[in-house]
Amino acid sequence: GLIGIFSQLPAKDAFEAFFKRDLAKRLLKKQQRRWLATSAGVGDLMKSCLPIVESNSLEADFLEMLKDECGSVYVAGLEGCIQDLDNSNLLLQDYWAVHPNAAREGFGV
77 GLIGIFSQLP
87 AKDAFEAFFK
97 RDLAKRLLKK
107 QQRRWLATSA
117 GVGDLMKSCL
127 PIVESNSLEA
137 DFLEMLKDEC
147 GSVYVAGLEG
157 CIQDLDNSNL
167 LLQDYWAVHP
177 NAAREGFGV
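In the numbering used here, the protein residues as written are 77 to 185.
See below:
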């Protein structure tokens, strides 16, 4: 499979740099699409934060395979990208729970 191809690459550091850049782009685009799609209502926006964790499971599964192949140090920074986005979504959920009218009021506190 994909890990078999990866194991044959001589420049794993170059792969990591490209993968990290592209991972960040994919994660941010997913987040942006959710925000744009749910800009109509705060209730929908709050609900939209939950599926991002699930939608990142494919990325996380691939990182697990990379971890098995290269070790945890190799994927630590990559896992941090997903964890940062997941933490951001949890903070957003907490914010919307406390400030349900913030979108209508210009995101003010």
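For each residue, glycine too, the CB sits at the ideal point set by N, CA and C.
Using CA atoms only, rank isn't needed, just tell me which of the options is closest to residue i.
i, options, result
"Lys96", "Leu154, Val174, Ser164 and Asn165", "Leu154"
"Val151", "Leu99, Gln169 and Gln84", "Leu99"
"Leu103", "Leu167, Leu166, Ile158 and Ala178", "Ile158"
"Ile81", "Asn163, Leu161, Val174 and Glu145", "Glu145"
"Lys105", "His175, Leu161 and Asn177", "Leu161"
"Asn163", "Gln84, Asp89, Gln107 and Ala93", "Gln107"
Tell me which residue opens and which closes the alpha helix (DSSP H) that residue i is part of.
i, result
"Leu85", "Segment: none, Leu85 is in no alpha helix (DSSP H) and carries neither H nor E."
"Asn163", "Ser148 to Val174"
Under 7 angstroms Cβ to Cβ from residue i, same chain only, skipping five residues before and after it: list those, please.
i, result
"Pro86", "none"
"Met122", "Its pLDDT being 47, under 50, Met122 is placed unreliably in this model, and the value from its coordinates should be taken loosely. Closer than 7 angstroms at Cβ, skipping near neighbours: Gln169 and Trp172."
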